[in-house]
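End of the sequence shown = 400 in numbering that gives the first Met the number 0, gap-free, step of one.
Accompanying notes for the structure given below.
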Amino acid sequence: MKEGKLKDFFNPETIAIIGASEDKTKVGGILLEKAKKSRAKIIPINPKHKILQNIQSYSSISQTSEKIDLVVIAIPAKFILKTIDDCHKKKIKNIIIISAGFAEEKNFKLQEELTKKIDKYKINLLGPNCFGIFNPKLNLDLTFAKTTPKKGNIAFISQSGALWSYISDLNKKFSGFISLGNMSDLDFSDWIEYFNKDKSTKKIILYIEKLKEGKRFIKICKKSKKEIIVIKAGKSEQGKQATISHTASIATDYKIYKGAFKQAKIKQVKSLQEAFNLKSQKISLNHKETTIITNAGGAGALLTDTLIQQEQKIIGPKDILGTAKETDYKRELSKLEKKNYQGNIGIILTPQTMSNPKKTAEIISQSKLKKNIIAFFLGKKSIKQAVKVLNKNKIKTITKI
């Protein structure tokens, strides 16, 4: 039970960013730029720089004399285990691993070794392969979302980080956001316990691909006095496969989850639209087959489940990752153009810091297959200009799923 130990994790006074960068188009640069706006003291770690974004930088975590409450790691996966050892020597107890390259990429051995180290050192770990956290009380946004929302009373705990880049763009207000990633350590139960005791949180919304400890989850939810709402991805067989490639989730019969939610006395809804009280949009399709291209694995899994219910044959989803730029979408569209593909093409874009919605919309509008395309550009504020381009070129557009 880690709920009591998560106060410093979610409310850190000092944060070290390992892999911090001067380049604000890179993950380490984005995280540093956003972290500087918080009330926490920020310590960049990078062996190549003494100053980063006008802040003193250190070559390694061992070089700073500061007491560090939270470490954020954004370096290649192959360097992670040694970095964990360095953090342990520094007596650091809270770590977020943004880096991918673990079980979701079939690197099970590396994730197993990571989990053993975390257990041995008694470290609280979020991730790996996660999107970060958001705490409005500290103005702390350690995510890649384009929009930082205002303070409110909804806590969103999600296995898909990229869904946050969509939801945070909708002018909703939040008490917090947690991206769980592969859940090597901290999971839904830990954070539900935390937000249960948070006075500013009235509602907890969960996006679930898998659960680690079903019995504990049921017990904690039943004890909660907060309203808990859950969206489960992977209801269909292909939806399950999408979650496996996304966060290494184990395919489990949906009926088991449905029973668990009922036991836990929490409300299950069909979509994010329903969970966040959004106006629904009907998806109109011309063909019986849909190829899905997405920069958000969670959104791809949810759309797969939705379209399977409409008796669609699904190709993909092809996850081009949150770092995808307009050129990545162009590459995938070109492959379909060469084959003269005649099915529907569902293109999902969530507005992440590295994405350019307007340029992506322009590329879609120039495609030879644009009559077959449904653009799922999810959000509001960050996609306005892109939607204008899509509408002008008569591309079917959906902004909510």
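Even for Gly, the Cβ is constructed at its ideal location relative to N, Cα and C.
- In this structure, the alpha-carbon of residue 145 lies about 29 Å from that of residue 370.
- Per DSSP, reduced to three states, the secondary structure at residue 336 is helical.
- Residue environment for residue 125: buried (at least 16 other C-beta atoms within 10 angstroms of its C-beta).
- Nearest in C-alpha terms to residue 104, of all of 76, 271, 396, 139, is 76.
- When the five nearest sequence neighbours on each side are left out, the beta carbons in the same chain lying within less than 6 Å of the beta carbon of residue 265 are those of 220, 227, 229, in order along the chain.
- Cβ contact annotation for residue 223 (same chain, cutoff 7 Å, sequence separation greater than five): 191, 195, in chain order.
- Residues 234 of the same chain have their beta carbon placed closer than 6 Å to that of residue 253, with the five preceding and five following residues left out of the count.
- Per DSSP, reduced to three states, the secondary structure at residue 273 is helical.
- Under DSSP, the beta-bridge partners assigned to residue 176 are 133, 155.
- The C-beta separation of residue 10 from residue 152 comes to about 17 Å, leaving the pair out of contact by the 8 Å criterion.
- Burial check for residue 46: the Cβ neighbour count within 10 Å stays below 16, so the residue is exposed.
- Residue 378 and residue 337 have their C-alpha atoms some 31 Å from each other.
- Residue pairing by DSSP places residue 41 opposite 14 in a beta bridge.
- The beta carbon of residue 147 sits closer than 6 Å to those of 140, all from its chain and outside the five residues before and after it, given in chain order.
- In the displayed model, residue 398 falls within coil according to three-state DSSP, outside both helix and strand.
- For the region 69-109, the full-length beta strand (DSSP E) segments reaching 3 residues or more read 69-72, 93-96 along the chain.
- Non-local C-beta neighbours of residue 331 in its own chain, meaning closer than 8 Å and more than five positions away in sequence, comprise 292, 317, 319, ordered along the chain.
- Look at the beta carbons and you see the region 380-388 touching the region 342-356: at least three pairs across the two are nearer than 8 Å.
- Per DSSP, the unbroken beta strand (DSSP E) holding residue 318 starts and ends at 312-318.
- Take the alpha-carbon of residue 290 and the one of residue 386: they are about 21 Å apart.
- For residue 393, there is no enclosing alpha helix (DSSP H), as DSSP marks it with neither H nor E.
- If you ignore the 5 residues before and after residue 180, its C-beta comes within less than 8 Å of the C-beta of 96, 125, 126, 127, 128, 129, 130, 158, 160, 246, all in its own chain and listed in chain order.
- Here residue 24 is exposed, its C-beta having fewer than 16 other C-beta atoms within 10 Å.
- Nearest neighbour of residue 327 by Cα position, chosen from 163, 346, 142, 85, turns out to be 346.
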